Each structure stands twice: as C-alpha cells, then as structure tokens.
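Comments concern the structure below.
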Amino acid sequence: MHAIIIGAGVAGLSLAASLASRSVRVTLLEQESAPGMYASGRNAAIARSYESDPYLSMMAKESILTMYNRNTMERELIRQTDLWMEPLEYDYQEDSFLEMQSDPLKENFRSQSGSVDLPDGSTWKALKLPSGGIMDPGAILQDLSEMARRGNFTFIPNTKLTGITISDNRITTISTDGKYDSGFSLSGDEVLVLATGSWAASPPAGITALPLIPHKRHLFVLRSPNGPVAPDFPIYWKENSEFYVRREGPQLIATHGDQTPAASDNYAPDSAAEERFSEAARHAFPFLADFQLVRHWACLRTFPLDGRPVMGYDPHLANLFWHAGFGGRGMSLSYAIGDYSADLLLAGPRLEDETTNPFTPHRFF
Ligand SMILES: Cc1cc2nc3c(=O)[nH]c(=O)nc-3n(C[C@H](O)[C@H](O)[C@H](O)COP(=O)(O)OP(=O)(O)OC[C@H]3O[C@@H](n4cnc5c(N)ncnc54)[C@H](O)[C@@H]3O)c2cc1C
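With the numbering used here applied, the sequence shown closes on residue 451, and no number is skipped along the way.
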C-alpha cells in the first residue's frame, strides 16, 4: 500500500508516523512550507484526559499517557500541570481505564473533587486532574515527523491538492499546484487520505462533503499586573462557559470559549473578540480583570455535526480515507488517532456502521 496523506498537521503526521512504523510507504503533501501552520501550531495545548464521549475518553487517556512516557531530557512533549475544571458531563470511562491500565502513571488519571484557592483569595470547588498538562505542539510535531522518517516516508511541502478525477468509484488522478505540477495517477494499492483540518469541510469537487463545520475560536495572551505568574499556576477550565486559562511562560493564555461557524480558510481575528473576551473573563475568573491583553489570534476547530472525529474509508470512493474533524482535542488525541486510523486503512474498505467503527464516515449517509 502507498498512503498519500494530504495535510501535515498533527493528524496527518500522527497517521504518517504510525503507517511508517508498519512499513507502509507514505507521501505527505502540505500546502505550506512546514508542518503545523494552522490549528496544530496555534492551539491552547492543554492536554485533557477527562472526556464524556466513551471512545474519545479512552483515546485521550492513552494518548496523553504515551506523551508522558515519550518525554525525554532533550524533548519535553508535555509538562505536568494540575487541571482544575468544572465539567458539564461525567467521564464514565475513568474506572475502566484505571482497571485495565498497568502503567504506574495511571493514578494521575484519577480525578479528585476538591477546592483550590484562586489568586484573588476566593475558593473554587472543582475537579482536580493531575494528568493534565501543557503540551509543546512543536515538540510533538517534531517527534511524530521523526517517527515517520524512520520508515518509507516522503514529505512534500508547498504542494496543495487542487482536484481529483474519478472513474468507477475510485480516484484515478490527483492534481496539485506544487511539485507534481500536472498531478499524478493513483494505482490499485494507493489511497488518498484527507487530513486537511478545516479544509476537510470543503473537499475538492467530486468528493461528497461530510457534515464538518470549522468553528472559529480566539486565544488571548495576558500579562499580570504583579510580574511573572508563578511557575506552578494550574490550568483552570469552566465548562459551562468554556472559559479556560493556563500559564504560558511568565504570562497566561486564555479563551472565552467562542465558537463561531466559519469558512475553511478564515483564520482572521474578529474585531469584537477582545471586548467579548474581557467581559467573559470578568465573569468567569474575576482575578483576570487586572490582567492586560498582550496579543490574540484566531484559529479553527473543525467539528462533525455529532462532535465525534471522522476516521475511516469514504462510503462512495473506494480509495479515499478520512482522518479529520478532531475539533478541540486533536493535540491531546494525537498519539492515539494515528494508530486507530492506520488499523482501519490497512484493513481496507468495508461496509461498516458505528458498532464496528464509531468514527466511520458512513454514519452520515
Ligand atoms: C483556538 C484553539 C484551541 C485549541 N486548543 C486545544 C487544546 O488545548 N488541546 C487540544 O488537544 N487541542 C486543541 N485544539 C484542537 C487542535 O488544535 C486540533 O484538533 C488539531 O490541531 C487538528 O489537527 P489537524 O491536523 O486535523 O488540522 P491542521 O493542523 O489544520 O492541519 C491540516 C493541514 O492540512 C493542510 N492542508 C489543507 N488543505 C490542503 C490541501 N488542499 N493541500 C495540501 N495541504 C492542505 C493545512 O495547510 C494544514 O497544515 C485547539 C484548536 C484551536 C483552534
């Protein structure tokens, strides 16, 4: 098999790494000059293991555990940071994970009810997750790239997939605007993988679109009036407002949890975002009122209508595979989704429903 993966975000790289380790030939095409220029390089990098979706819950825990175990002196993928949160839904998979996992680090994945003193002296009753952490997206992308490069892997930057041709329910050629100027043919054992992040919502003509919707979210860097924030500043997350805040060096990163449907390439910050953020911050965590906004940016989180990622063969085109829709959890899930999709890819196309693959694209048809 030869997998031609489009998109070098964390999703494309995680799949490339897993396939390459199984001796599958992989070519990764990326429209930009380097990996991680969009969601994978501009996210809040909070590792969150607590999930209400049963399948995502297990994947997130396994992936985050892998990150802790892959940390080295030279490369820190994740830094342990207590995550205090007010969840809206219960994680029913926590006990199952603790029972089946033998790794001693599993104890960090046990959530604890407690209370924490906030910087303004108030006390907040919340759930403490010692497994929480702040990831380093650059280090994770580098780690996955190196894993891929140990196999039969070719990375082609500055090359955008622009179109496809189809015959007998198969993609026969793909066209690009980069190195393969006039495009190239796909032979019998070649599969095209869409790992295109927000652009998966607007695939090339000929591919039936799935109900994927990019949602814009803004992140803000804040400076404390009292100098650098303490190195042990935890992550605070209120799910009812989706407001979260964490430490970033001497400053903080926060969001008011906005999620506005947007076009696949609309990464421009909205003019009203700052005002809305300041208002939300005053309500969610009043201690932030004295902090100064330093800068902000916008980024797209791409969700399927049912909120669950899409991993699996396309129901219409036999050699098309989807690996997209990772919403607000793609970084946390990174070390699990590659293996999951690699298994499906190697098994080949089949008739499937949500009982055989909860992430199947077939569920929408
Ligand atoms: C504001 C914000 C905060 C977030 N916070 C967190 C968090 O705290 N924790 C967490 O786990 N996750 C978080 N996420 C989610 C996470 O960032 C995403 O789920 C993840 O990065 C998605 O990765 P991806 O590879 O699917 O997409 P992307 O990173 O967008 O990668 C897709 C790639 O495909 C390329 N591409 C697209 N079309 C083409 C084409 N036609 N030809 C060639 N290349 C193409 C793009 O250039 C891009 O590099 C956050 C996201 C946002 C926006």
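For glycine and all other residues, C-beta sits at the position ideal for the given N, C-alpha and C. Remember, predicted model here, so these are calculated numbers, not experimental data.
Ligand 1 heavy atom lying under 7 Å from the CB of residue i
| i | result |
| --- | --- |
| Thr282 | yes |
| Gln228 | no |
| Lys324 | no |
| Trp408 | no |
| Ala94 | yes |
| Lys246 | yes |
| Trp285 | yes |
| Met123 | yes |
| Ile466 | Any property of residue 466 remains undetermined from this structure, which presents the chain solely from 87 to 451. |
| Ser217 | no |
| Met397 | no |
| Met144 | no |
| Phe412 | yes |
| Ser418 | yes |
| Gln117 | yes |
| Leu432 | no |
Within 8 Å, strictly: CB atoms of residue i and residue j
| i | j | result |
| --- | --- | --- |
| Pro173 | Glu328 | no |
| Met397 | Phe445 | yes |
| Leu386 | Ser284 | yes |
| Val454 | Ala89 | Outside the shown range of the chain (87 to 451) lies residue 454, about which nothing can therefore be said. |
| Pro401 | Pro447 | yes |
| Ile220 | Thr167 | yes |
| Ile250 | Ile260 | yes |
| Phe306 | His382 | yes |
| Ala146 | Gly218 | no |
Neighbourhood of residue i by C-beta distance below 6 Å, restricted to the same chain and skipping five residues each side
| i | result |
| --- | --- |
| Thr240 | Thr113 |
Exposed unless 16 or more other CB atoms sit within 10 angstroms - verdict on residue i
| i | result |
| --- | --- |
| Tyr136 | buried |
| Asn194 | buried |
| Leu184 | exposed |
| Gln179 | buried |
| Val380 | exposed |
7 Å CB neighbourhood of residue i in its chain, flanking five on each side removed
| i | result |
| --- | --- |
| Ala354 | Ala384 |
| Ser138 | Glu175, Tyr176 and Asp177 |
| Pro435 | Tyr399 and Ala404 |
| Tyr322 | Trp170, Tyr330, Val331 and Phe371 |
Cut-off 8 Å between Cβ atoms - residues of its own chain near residue i, not counting five sequence neighbours on either side
| i | result |
| --- | --- |
| Ala130 | Leu305, Tyr330, Arg332, Ile339 and Thr341 |
Short CB-CB distance (under 8 Å) between residue i and chain B
| i | result |
| --- | --- |
| Ser418 | Looking for chain B here will not work: only one protein chain is present. |
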